[in-house]
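Asks: In the working numbering, the protein residues as written are 891 to 1602.
There's a structure below that I have some questions on.
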Amino acid sequence: MRAARAIAISVILLLTLMPHTISSENDGVVTILEGQSEDSGPFWILFTCKIESCPGMELLIIADGESFHSSDTHHVEWSGMFNETVEWELRGSDSLGPEDFVLKSVSSTDGGIVEEGDLPDIVPSPGQNSEWISIEASSECQLNRCDEQDWEADGVSFTGSLQSSSDDDAILVSGKFGDVVKISGITSKDAIDIELWSRGETKTLIKSISSVGFDNELLDYPGESELWIRVVHSSEGSFSPYELKIVRYEGDKEGPEGGELQNPWEYSYPLFSNSSIESVFRGHISTSDLEGDSILVSAGSKIMVNTICEFSGEISLDVVIHKLGNERDVILEDLDACPEYIQTPKSTTGVEFRMKSEGLTGWSIDVTSHMTGDGILEGDAPDFLWSETGPSEFWTYIKPGPGSISGSLGIGDSVDIHPLEITDENGSLIFIRPEMDSPVTYQIQELNPDSWQILNYTNGSIISIPKGNHAIRVEGLSPILGEVDYEFTILYLGENIPDEGEYRDLSHLFTNFYILIGFLMILPLLVVLWWNRSTILQRHWIARDNKKHDLERLKMLRRRLSESIEDVLISPREIENALGKLGESPWDGILEEWGNPDLRHMTDQIEVCAWRPVGVNFLIIGIRTFEKMWELTAINLNSPEGTSVEIRGVEPSYLCEGGDVFLDSLEPHSRKFLRVSIGGTPSSIELEVSGLVDGEPLAAVPREALLWNEEE
């Protein structure tokens, strides 16, 4: 099949075929095909009828001005030598068409080698020297340096002729030990045999192959010898043009930087599939290459990699996963074929294929991935901020500007970290614009370039961020029940150029004016207060008594809730009663008695406060709703540095999972207080309240993090 395809390609390249329907002088006979060739040398053309009979079939030839004619109902052919031009025309009944014929031909091609003068009939004896024709057929098509079309067309085409049954041709192929030679595309008028010889201190017949049914042949270039190809008639025959293609793959040029391809992979970088070059990698393992070959193909984290492999001989294949930190895991060993697909694990940077063979073997490996990655990364984005070693060399940075970044989260993948690069010398003003409604939160994190600690961050709002490498954190709102897609754009507001203008304080010029205007504005209030002084004083004493009672009550509740379990044995029922009474107390009174919360955040729909009593490992969390009901409400505790936060207990009792506490529904204008015991060693804690308001997902995320283990 491949030989037929090669013949068809050569015919298209050599001959211009044009169907015609011009009638000849004889009724019912038309020109079906015609063409010409201007490359001098041996020429042979054969048309075979594909149907039972082709009436009126005849072949007209004009070679160097001399005419020839051949007619038959089954096949017509002509062969000979020409120096300038050969023109041909196939004619037949008007009931016939080009699809009714099979064409075979031999003709010299552009860039090919044509026999000039008679070649030696036999391989010269050792020690005999002369200026014989030598074919230099070195190929550049190794690994993925050529596409499929160039790979098929690679090599040198040699066109020659056997003048008679006693004429043979011996051809020298240049090369060296370790090279692999491929012979293909043998076409000839008569059946021929191809003899392969080595010529050194002695000459030895390596192998003899017939052109009948021939596809291609791979062979090792002999050591300390020359490789000769001898073309001989396989039977009695006359003048017979022939052509064949020769390719030589050099063993010391198969690596990406030249040199031999090693096993295992020795380069510090992977090869890239689905590139602008080609996703198919090709090569050969010679008989002398005992270690074999290996290729490392770039791959991302948690993606499906599809592989299609072809091996011309028996192979032993190992598949190795390369991960961040130069970690390598052998996942498959001693295979005789490639797996259909490979599921890459977390932190994958590449997939290595290690091949060994006991004999000469050609190989090709097609590696593709049909899954899109997060942002411009290949595969899943990292789940944690990088450590003090810095971002991986395999990660691609995103930059502010046009073009959106998309990705997805899912069960077990709730966070994506995208590396961000800022190139402005004075830093840049940027913010995040979500491009789709998605239950996720965004953070722009400014990082210390030495320790990679978080110096500042926003929830996607405008931030001035200095030159260097930073991060975008995308986190899904709990609970994540399936795949969650997101898309955002980092909008660039320009370089943060410092204002170096001079300013003078002239406020003293308006002091008298401010005093006069202030007195005039408060004068009506003073009049009203004077008229209602008795009522105001009476309300003040009543309010003071109520406030004193409430403060005493709040002091008692705070003392009970802040007592350490190690010092005083407190039953869960006592804690729940205290929290319930706290929820019935005035919100402003709680804030006044308990002091400023360690963490506080208020939106149009909810207010969240958190206190951490001194010397204990629990939080008192207060939640106040406003106009709307919150459904499927949950509290999420996490650490921005990636350290896990462990919830050891919640009073009152609620369902917990990981860092989440599920509260169900919160009525409008309601207050809820919880005591949450914290485990683990987080240096800081972020608090997030999420839920559904009017059927839409909503989240309250304080901008600050609560410092927890500062001493660590």
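Note that beta-carbon positions come from the ideal geometry of N, C-alpha and C, so glycine has one too.
Measuring alpha carbon to alpha carbon, tell me which of K994, C1036, L1299, G918 ends up nearest H1308.
Replies: Minimum Cα distance to H1308 is reached at L1299.
Asks: Near R1323, what residues of its chain come up, given a Cβ to Cβ distance below 7 angstroms and the 5 sequence neighbours on each side ignored?
Replies: Excluding positions up to five away in sequence, the list reads F1378, T1379, L1381.
Asks: Is it the case that the segment 1497-1511 contacts the segment 1559-1569, given that we only count it when at least three CB pairs across the two stretches are under 8 angstroms?
Replies: Touching, yes.
Asks: What are the complete alpha helix (DSSP H) segments, minimum 4 residues, inside the segment 1150-1199?
Replies: List check, alpha helix (DSSP H) in window: nothing returned.
Asks: Helix, strand or coil for V1619 per DSSP?
Replies: Beyond the ends of the chain as shown, which are 891 and 1602, falls residue 1619; an answer cannot be given.
Asks: Determine the extent of the beta strand (DSSP E) in which L840 is found, giving its start and end residues.
Replies: Here the chain covers residues 891 to 1602 and nothing more, so residue 840 does not appear.
Asks: Compare the C-alpha of Q1018 against each of K1093, I1232, F1243, V1551 and name the closest.
Replies: Nearest of K1093, I1232, F1243, V1551 to Q1018, Cα basis: K1093.
Asks: Could you tell me which uninterrupted beta strand (DSSP E) segments, each at least 3 residues in length, are contained entirely in the segment 1028-1073, listed from first to last along the chain?
Replies: Whole beta strand (DSSP E) segments, 3+ residues: 1046-1052, 1059-1063.
Asks: In terms of alpha-carbon separation, which member of V1102, Y1159, G1548 lies closest to E1283?
Replies: It is Y1159.
Asks: Using only the alpha-carbon positions, how far apart do E1601 and L1406 sit?
Replies: Confidence at E1601 is low in this model, with a pLDDT of 49, below 50, so the placement of that residue is unreliable and no value is reported for it.
Asks: Which residues bound the beta strand (DSSP E) around P1587?
Replies: First-last of the beta strand (DSSP E) with P1587: 1586-1590.
Asks: Compare the Cα-Cα distances from S1604 to each of F1243, I1344, H1212, D1069 and report the closest residue.
Replies: As shown, the chain starts at 891 and ends at 1602. That puts residue 1604 outside it, with no answer to give.
Asks: Could you tell me the alpha carbon to alpha carbon distance between D1457 and R1463, rounded to whole angstroms?
Replies: Residue placement at D1457 cannot be trusted, given a pLDDT of 47 that sits under 50; what the coordinates show is reported in the next sentence. D1457 and R1463: Cα-Cα distance of roughly 17 angstroms.
Asks: Can you grab the Cα-Cα spacing for the pair E1373 / D1273, in whole Å?
Replies: So the two alpha carbons sit approximately 15 angstroms from each other.
Asks: Do S1055 and G1103 have their C-beta atoms closer together than 7 angstroms?
Replies: No, they are not a contact pair.
Asks: Mark P1154 as exposed unless 16 or more other C-beta atoms lie within 10 angstroms of its C-beta, in which case mark it buried.
Replies: Exposed.
Asks: Spatial neighbours of A1590 within its chain, please: CB distance less than 6 angstroms, with the 5 preceding and 5 following residues excluded, ordered by chain position.
Replies: H1491, T1493, I1496, V1498, V1579.
Asks: With the cut-off set at 7 angstroms, would you say S1029 and Y1139 are in Cβ contact?
Replies: Yes. Within cutoff.
Asks: To the nearest angstrom, how far is the alpha carbon of L1545 from that of L1553?
Replies: Each residue's Cα considered, the two are about 8 angstroms apart.
Asks: Identify which residue in V1070, K1518, I1221 has its Cα closest to the Cα of D1142.
Replies: That would be V1070, whose Cα lies nearest to the Cα of D1142.
Asks: Would you list, in sequence order, the uninterrupted beta strand (DSSP E) runs of no fewer than 3 residues that lie entirely inside the segment 1267-1319?
Replies: The segment 1267-1319 contains these whole beta strand (DSSP E) runs: 1295-1299, 1305-1312.
Asks: Does the Cβ of R1089 have 16 or more other Cβ atoms within 10 Å, making it buried, or fewer, making it exposed?
Replies: So R1089 ends up on the buried side.
Asks: Looking at G1050 and the ligand ADP, is the gap between the Cβ and the nearest heavy atom below 6 angstroms?
Replies: As far as ligands go, the structure on display features none, and thus does not contain the ligand ADP.
Asks: Thinking C-beta only, is N1599 closer than 7 angstroms to T1571?
Replies: Yes.
Asks: For the alpha helix (DSSP H) holding A1468, just list the boundary residues, first then last.
Replies: Looking at the DSSP string, the run of the alpha helix (DSSP H) that includes A1468 is 1462-1474.
Asks: Can you tell me where the beta strand (DSSP E) holding P1131 begins and where it ends?
Replies: Note, P1131: beta strand (DSSP E), 1130-1139.
Asks: Does the beta-carbon of M1411 have 16 or more other beta-carbons within 10 angstroms, so that it is buried, or is it exposed?
Replies: Exposed: under 16 other Cβ atoms inside 10 Å.
Asks: In terms of DSSP beta bridges, what is D1550 paired with?
Replies: Paired residues: N1526, E1547.
Asks: Rounded to whole angstroms, what is the Cα-Cα separation between V920 and S995?
Replies: Taking the straight line joining both Cα atoms gives about 22 angstroms.
Asks: Secondary structure at G982, three-state DSSP: helix, strand or coil?
Replies: DSSP places G982 in strand when its eight states are reduced to three.
Asks: My guess is that G1173 and L1134 are in contact by the Cβ rule of under 8 angstroms, so how many angstroms apart are they, rounded?
Replies: The pair is not a contact, with the Cβ atoms about 23 angstroms apart (cut-off 8 angstroms).
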